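Residue numbers (the working numbering), protein chains in the order written: chain F, 1 to 156; chain B, 1 to 156.
Cβ atoms here follow ideal geometry from the backbone N, Cα and C, with glycine treated the same way.
Quick caveat: nothing in here was measured; it's all calculated off a predicted structure.
Below is one structure, written out as structure tokens, with a few remarks after it.
2 protein chains.
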Amino acid sequence: MTPDLREDIRQRKPFTSLEQEAQLNVVRTASLLTDSFEQMLKPHGITATQYNVLRILRGAEPVGLCRNELRDRMLTRMPDVTRLLDRMEDAKLVARARDSEDRRLVSTRITPRGLRLLDELDDAVTQEHMRRFHHLTKAQLKTLIDLLNAVRDRLE
Amino acid sequence: MTPDLREDIRQRKPFTSLEQEAQLNVVRTASLLTDSFEQMLKPHGITATQYNVLRILRGAEPVGLCRNELRDRMLTRMPDVTRLLDRMEDAKLVARARDSEDRRLVSTRITPRGLRLLDELDDAVTQEHMRRFHHLTKAQLKTLIDLLNAVRDRLE
DNA sequence: TGACACATAGTGTTATAACACTTAATTTAC
DNA sequence: GTAAATTAAGTGTTATAACACTATGTGTCA
């Protein structure tokens with residue numbers, strides 16, 4: 001019933017270890033989840049990375065965050081946050097201002113337009129999460145989350 | 001003891017649903033696993049995507065695969081397999097030959113050099129998987145794999 | 001058998017990611 | 001108080017990803 005990964009990617013030989021199978025399963029699942037999420041966002045003109053930035057900045061309101069703080073909070077590694085923010089600034093989704101106390105820092109805040117976009121997306125995002133996970137029980141979801149937390153425990 | 005995702009990405013508010021928390025956990029974990037894997041591969045001059053291609057082609061030996069078949073078997077979406085293979089051909093890791101029966105097809109095979117590279121990498125890859133997952137029990141790994149299979153069941 | 005639909009690989013082009021390097025402000029140590 | 005180290009943001013450049021489009025070979029069907 002549930003097609004396993006081996007079938008999915010048409011692999012002929014069995015996985016060499018459970019550890020390998022676990023890694024491939026995590027990566028494959030994330031890829032499909034992200035692709036689906038990107039497709040949902042596309043008509044709205046932003047990427048999953050940009051969406052992630054907007055969510056972080058909305059959570060930080062009413063203050064902004066500097067570039068490195070933002071980078072450290074992102075879900076996926078992003079080595080060029082400066083130009084990511086350039087593009088988002090061009091789209092008027094965020095605004096930057098140099099910090100007056102420590103002039104090395106540039107604080108970025110979400111704009112009203114960015115907030116409006118997140119608001120428009122809220123329903124679709126919730127639907128997306130539900131669509132992908134509603135067939136698991138709450139207990140299964142908790143177990144999945146716990147196991148992934150445990151994986152990351154030795155990872156970062 | 002195990003830091004949960006909220007702490008990790010310094011999120012102040014709780015997740016809005018278990019479904020959302022599950023999605024973010026999957027994506028975050030995959031990102032860290034992939035980054036770590038990429039770092040391990042870097043000294044050998046290939047990316048995780050290229051490694052994936054080599055593994056698929058080694059599994060297909062002694063025959064090659066056409067571009068679309070390869071694309072469909074990849075772990076993550078890759079819209080430009082042609083030029084990915086161009087680069088790998090330049091590096092002499094794969095070789096291409098037009099199919100004589102159906103001249104639309106171009107079959108790609110792994111070269112001896114590609115096989116040698118995989119062989120060199122085998123230990124490091126196994127170590128990498130172990131390092132990331134050895135602190136979970138076999139039962140936990142099986143549960144994790146089952147749950148991820150279940151997630152993907154409604155996804156593709 | 002000839003026109004048309006379809007499947008396959010590849011190309012042109014733009015956008016984004018990645019990485020090493022630079023510049024500027026602040027902190028630290030003497 | 002000044003030089004050196006540190007921390008921050010940004011820049012130059014190359015590599016890769018993404019997407020729409022083209023060219024060519026194969027199958028289909030009137």
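- Under DSSP, ARG109 (chain F) shares a beta bridge with F:ALA95.
- Annotated three-state conformation of LEU70 (chain F) is helix, per DSSP.
- Between the stretch 107-126 of chain B and the stretch 54-63 of chain B there are three or more C-beta pairs closer than 8 Å, enough to call the two in contact.
- Comparing C-alpha distances from GLU7 (chain B) to each of F:ARG58, F:ASP72 and F:LEU85 shows the shortest one belongs to F:ASP72.
- Counting only residues of its own chain and dropping the five nearest sequence neighbours on each side, PRO14 (chain B) has a CB closer than 8 Å to the CB of ARG6.
- Spatial neighbours of LEU84 (chain B) in its own chain (CB-CB distance under 8 Å, excluding positions within 5 residues in sequence) are listed in chain order as THR49, GLN50, VAL53 and MET78.
- Residues of the stretch 10-31 of chain F that bring their beta carbon within less than 7 Å of a beta carbon in chain B comprise ARG10, GLN11, ARG12, LYS13, SER17, LEU18, GLU19, GLN20, GLU21, ALA22, GLN23, LEU24, ASN25, VAL26, VAL27, ARG28, THR29, ALA30 and SER31, in sequence order.
- Listed in chain order, the non-local C-beta contacts of ARG132 (chain B) below 8 Å within the same chain comprise LEU33 and SER36, local neighbours out to five positions each way being set aside.
- Of all residues in the stretch 50-66 of chain B, only GLY59 place a beta-carbon less than 7 Å from a beta-carbon of chain F.
- At a Cβ-Cβ threshold of 8 Å, LEU144 (chain B) and LEU75 (chain F) do not count as neighbours.
- Annotation note: the stretch 30-88 of chain B contains the following uninterrupted alpha helix (DSSP H) runs of length 4 or greater, listed N- to C-terminal: 48-60 and 67-73.
- Beyond the five residues adjoining it in sequence on each side, SER17 (chain B) comes within less than 6 Å, by CB distance, of no other residue in the same chain.
- ASP90 (chain F) carries a helical assignment under DSSP once its states are collapsed to helix, strand and coil.
- Nearest C-alpha to LYS138 (chain B) among F:ARG12, F:ILE9 and F:ALA22: F:ALA22.
- For the 8 Å CB-CB criterion, VAL63 (chain B) and LEU70 (chain B) do not form a contact.
- Under the three-state reduction of DSSP output, LYS13 (chain B) falls in the coil class, being neither helix nor strand.
- Look at the stretch 75-104 of chain B: the residues with a C-beta under 9 Å from a C-beta of chain F are LEU75, THR76 and ARG77.
- Within 8 Å of the CB of GLN140 (chain F), the CB atoms of chain B belong to LEU147 and ALA150, in sequence order along the chain.
- Close to HIS134 (chain B), with beta-carbon spacing below 9 Å, are these residues of chain F in chain order: GLU19 and ARG154.
- Taking 8 Å as the upper bound for CB-CB distance, GLU38 (chain B) and THR29 (chain B) are not in contact here, some 15 Å apart.
- Sorting F:THR111, F:VAL106, F:ASP99 and F:ARG104 by C-alpha distance to the C-alpha of LYS92 (chain F) places F:THR111 at the top.
- Chain order gives no chain F residues near ASP119 (chain B), where near means a beta carbon separation below 9 Å; the closest approach is about 14 Å.
- One thing to note: MET40 (chain B) has its Cβ no nearer than 8 Å to the Cβ of GLU19 (chain F).
- Think of a sphere of 7 Å around the beta carbon of THR34 (chain F): the chain B residues whose beta carbon falls inside it are VAL27, in chain order.
- In this structure, the beta-carbon distance from CYS66 (chain F) to SER107 (chain F) falls below 8 Å.
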